[in-house]
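First the structure, in the form of structure tokens, and then the observations on it.
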Amino acid sequence: KSISGSDEYATFIDEDVKTFIKNIKHKPGKDIWLIGGGNLAREFFKENLIDEFQLAIAPIILGEGISLYIGDDVTVNFTLTKVEKLGQLAMLHYIKK
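Written out as structure tokens, the structure reads:
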């Protein structure tokens with residue numbers, strides 16, 4: 155199910171990500187914070203719109219699910235800049251080279 159609309163803290167989109175980013179870059183503010191899973195991240199990776207990301211790894215093995223990134227022949231190099239333990243989660247912080 156897709157959600158669209160906004161509140162004072164977030165904007166939910168159901169449109170082309172490249173168009174959305176182009177429009178939002180004209181507004182005040184420096185950073186865009188994207189929260190979501192593999193399907194959402196895939197659209198932004200595909201358009202080369204991610205320059206840093208944090209990845210939380212949980213100690214659960216799933217037999218199936220949504221991969222972080224599949225399809226489309228895209229290669230982007232990132233550098234691991236920080237590893238943090240949050241309870242049972244490992245939080246990895248990457249920045250584009």
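Following this note's numbering, the numbering of the sequence shown begins with 155 at its first residue and continues without gaps.
Ideal Cβ positions, reconstructed from N, Cα and C, are used throughout, including at glycine.
Go ahead and label G219 buried or exposed: buried means 16 or more other beta carbons lie within 10 angstroms of its beta carbon, across all protein chains shown. Working through the sequence shown from its first residue, we reach residue 219 at position 65. Exposed is the call here.
Give every residue of the same chain whose Cβ lies closer than 7 Å to the Cβ of G159, excluding the five residues on either side of it in the sequence, and list them in chain order. Taking the first residue of the sequence shown as position 1, residue 159 is located at position 5. These residues qualify, in order along the chain: F166.
Per-residue burial, A195 [other beta carbons within 10 Å of its own, 16 or more giving buried]: Sequence index remark: in the sequence shown, residue 195 carries index 41 (1-based). Classification for A195: buried.
Pull up the DSSP beta-bridge partners for A244, would you. Taking the first residue of the sequence shown as position 1, residue 244 is located at position 90. I211 and K239.
In angstroms, rounded to a whole number, what distance separates the CA positions of K179 and E206? Mapped onto the sequence shown, residue 179 falls at position 25. Mapped onto the sequence shown, residue 206 falls at position 52. The straight-line gap from Cα to Cα measures roughly 17 Å.
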